DNA sequence: CCGCCAGAGCTTGCATGGTAGAAACGCTAG
DNA sequence: CTAGCGTTTCTACCATGCAAGCTCTGGCGG
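Chains as they are written, first to last, in the numbering used here: chain F, 1 to 204; chain C, 1 to 204.
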């Protein structure tokens, strides 16, 4: 879709559209090819591996900072989310669980009280289809239950103000999720071209 | 300086200038206030703390990935940089050492072979006056020598393909640097308003 | 002397027209 | 039927003019 077309749709001129697209390009969501057009980018598996590696570190930092701050309010929200997640898991309500997972990480990153961390994390998250990937990873047997357990471990470490344990728990959780995702994708192999980079997901 | 003035300087129209400024705003280098003007942002101590926390994690990931890949070429560059750094440190050539430190981290992040990590790291680094801060941290007695030792520890861990050791060494280095910086700033107290956030630099 | 208000001079935001370049289509020649 | 070339049509790019809003200053009234 061209700038002019988007301008018509939004009832504005091309200039604000251009600026918005430019921003989206910087965030890695679209790719602008000069004199040709603007296209939404489908992240390759290589990119998904890269994104998951970076987001693991940022999540870990978030967990560490939340534990360090020890804000009771944040902790309360996390524990409420945890019990809701447990309900959803027992009811096998994957749809709802995916939403709660997103909220869990969102609360964590916001609770870290670090604006730079938040913005970089959000840019990362916008780049890969989070919901779809989490949904895929939850196709693994028992993943729902173990995922809840991992969230609980993180929350416990935070409640205990144990920064190292919080970070480790979060990183363990990221790794388990990544492995579950890789297993699901390899199993269904929906559109996987026997990509060697895919195995990097399962590695480590 | 206004858009029109910049346009005159660069001999172009306001449009490309606007786009460039917009990008710089997203990267956090300038702040655009609608109908008022565009201003370069001086990072507060709060922001420097935040930036250092995030960059510590990204550097740690870089070190881990470099160790994991075990690219001999990258390792060779690091070792060359290390010996040059030792020379500069022995000669008390702070100016040259600062440049080598920058190169060391640059090679590390590029050697990680992770495009997302690289771009986020660069955006972070552009936001705080790296050279000035490193220079300040090196004012601490013996910091030059210990800094070299820390770089050596990182390089050794990478040479041994020990991912955990590489990450730990890098994080330790980041923390030591941060502490040295805090000590220097508190000592000179050039423009520090007895800021409580400054102490967060020294913490942990 | 102090406070307030109006207006001029800035600023960025937005709309629009013309331009250069890339791609796709169709025609023509082999 | 196919390959190559020219033309048309699409795209993003850039320049420019106009509009809206903020700031600062000068003058006026209390």
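Here a beta-carbon is modelled for each residue, glycine too, at the ideal position from N, C-alpha and C. Small disclaimer: the values here were computed from a predicted structure and weren't measured.
Starting from the beta carbon of residue i, find every residue of chain C whose beta carbon is closer than 7 Å, and list them in chain order.
{"i": "residue 120 of chain F", "result": "54, 120"}
{"i": "residue 181 of chain F", "result": "Simply none; closest approach about 17 Å."}
{"i": "residue 42 of chain F", "result": "By Cβ distance, chain C contributes nothing, its closest Cβ being about 15 Å from residue 42 of chain F, past 7 Å."}
Cα separation between residue i and residue j?
{"i": "residue 134 of chain C", "j": "residue 127 of chain C", "result": "14 Å"}
{"i": "residue 184 of chain F", "j": "residue 6 of chain C", "result": "53 Å"}
{"i": "residue 16 of chain F", "j": "residue 9 of chain C", "result": "25 Å"}
{"i": "residue 108 of chain C", "j": "residue 24 of chain F", "result": "28 Å"}
{"i": "residue 26 of chain F", "j": "residue 90 of chain C", "result": "42 Å"}
{"i": "residue 19 of chain C", "j": "residue 19 of chain F", "result": "7 Å"}
{"i": "residue 40 of chain F", "j": "residue 48 of chain F", "result": "16 Å"}
{"i": "residue 60 of chain F", "j": "residue 200 of chain F", "result": "20 Å"}
{"i": "residue 32 of chain F", "j": "residue 72 of chain C", "result": "36 Å"}
{"i": "residue 37 of chain F", "j": "residue 70 of chain C", "result": "39 Å"}
{"i": "residue 84 of chain C", "j": "residue 169 of chain C", "result": "20 Å"}
{"i": "residue 186 of chain F", "j": "residue 163 of chain F", "result": "35 Å"}
{"i": "residue 95 of chain C", "j": "residue 136 of chain C", "result": "11 Å"}
{"i": "residue 103 of chain F", "j": "residue 98 of chain C", "result": "42 Å"}
{"i": "residue 188 of chain C", "j": "residue 147 of chain F", "result": "50 Å"}
{"i": "residue 88 of chain F", "j": "residue 149 of chain F", "result": "13 Å"}
{"i": "residue 171 of chain F", "j": "residue 86 of chain F", "result": "21 Å"}
{"i": "residue 141 of chain C", "j": "residue 28 of chain F", "result": "44 Å"}
{"i": "residue 1 of chain F", "j": "residue 14 of chain C", "result": "26 Å"}
{"i": "residue 35 of chain C", "j": "residue 21 of chain C", "result": "14 Å"}
{"i": "residue 202 of chain C", "j": "residue 30 of chain C", "result": "28 Å"}
{"i": "residue 66 of chain F", "j": "residue 66 of chain C", "result": "29 Å"}
Show which residues of chain F have a CB atom less than 7 Å away from the CB atom of residue i.
{"i": "residue 26 of chain C", "result": "23, 26"}
Give me the Cβ distance between residue i and residue j, rounded to the nearest whole Å; I'm assuming they're in contact under 8 Å.
{"i": "residue 120 of chain F", "j": "residue 120 of chain C", "result": "6 Å"}
{"i": "residue 52 of chain F", "j": "residue 178 of chain F", "result": "5 Å"}
{"i": "residue 82 of chain C", "j": "residue 155 of chain C", "result": "5 Å"}
{"i": "residue 55 of chain C", "j": "residue 124 of chain C", "result": "5 Å"}
{"i": "residue 64 of chain C", "j": "residue 145 of chain C", "result": "Not really, about 26 Å apart at Cβ, beyond 8 Å."}
{"i": "residue 110 of chain C", "j": "residue 100 of chain C", "result": "The pair is not a contact, with the Cβ atoms about 15 Å apart (cut-off 8 Å)."}
{"i": "residue 50 of chain C", "j": "residue 116 of chain F", "result": "4 Å"}
Taking the alpha carbon of residue i as the reference point, which residue from the options has its own alpha carbon closest?
{"i": "residue 122 of chain F", "options": "F:158, F:62, F:80", "result": "F:62"}
{"i": "residue 181 of chain F", "options": "F:166, F:170, F:132", "result": "F:132"}
{"i": "residue 176 of chain C", "options": "C:40, C:4, C:151, C:102", "result": "C:151"}
{"i": "residue 161 of chain C", "options": "C:75, C:21, C:41", "result": "C:75"}
{"i": "residue 206 of chain C", "options": "C:139, C:23, C:28, C:46", "result": "Given that chain C is displayed from residue 1 to residue 204, the structure contains no residue 206 of chain C and the question cannot be resolved."}
{"i": "residue 68 of chain F", "options": "F:59, F:35, F:112, F:48", "result": "F:112"}
{"i": "residue 77 of chain F", "options": "F:186, F:57, F:158, F:173", "result": "F:158"}
{"i": "residue 153 of chain C", "options": "C:87, C:79, C:98", "result": "C:79"}
{"i": "residue 114 of chain C", "options": "F:46, F:58, F:148, F:173", "result": "F:46"}
{"i": "residue 174 of chain C", "options": "C:1, C:58, C:87", "result": "C:58"}
{"i": "residue 129 of chain C", "options": "C:66, C:202, C:42", "result": "C:42"}
Is residue i near the ligand HEM, going by C-beta to nearest heavy atom under 7 Å?
{"i": "residue 128 of chain F", "result": "Ligands displayed in this structure: none; no statement on the ligand HEM is therefore possible."}
Can you name the residues of chain C whose CB is closer than 8 Å to the CB of residue i?
{"i": "residue 58 of chain F", "result": "54, 57"}
{"i": "residue 51 of chain F", "result": "116"}
{"i": "residue 47 of chain F", "result": "115, 116"}
Residue i versus chain F: which residues are under 9 Å apart at the beta carbon?
{"i": "residue 61 of chain C", "result": "53, 54, 56, 57"}
Which residues, in order along the region 87-117 of chain F, keep a beta-carbon less than 8 Å from a beta-carbon of chain C? 114, 115, 116, 117
Using a Cβ-Cβ cut-off of less than 7 Å, give me the residues of the region 5-22 of chain F that come near chain C, in sequence order. 19, 22
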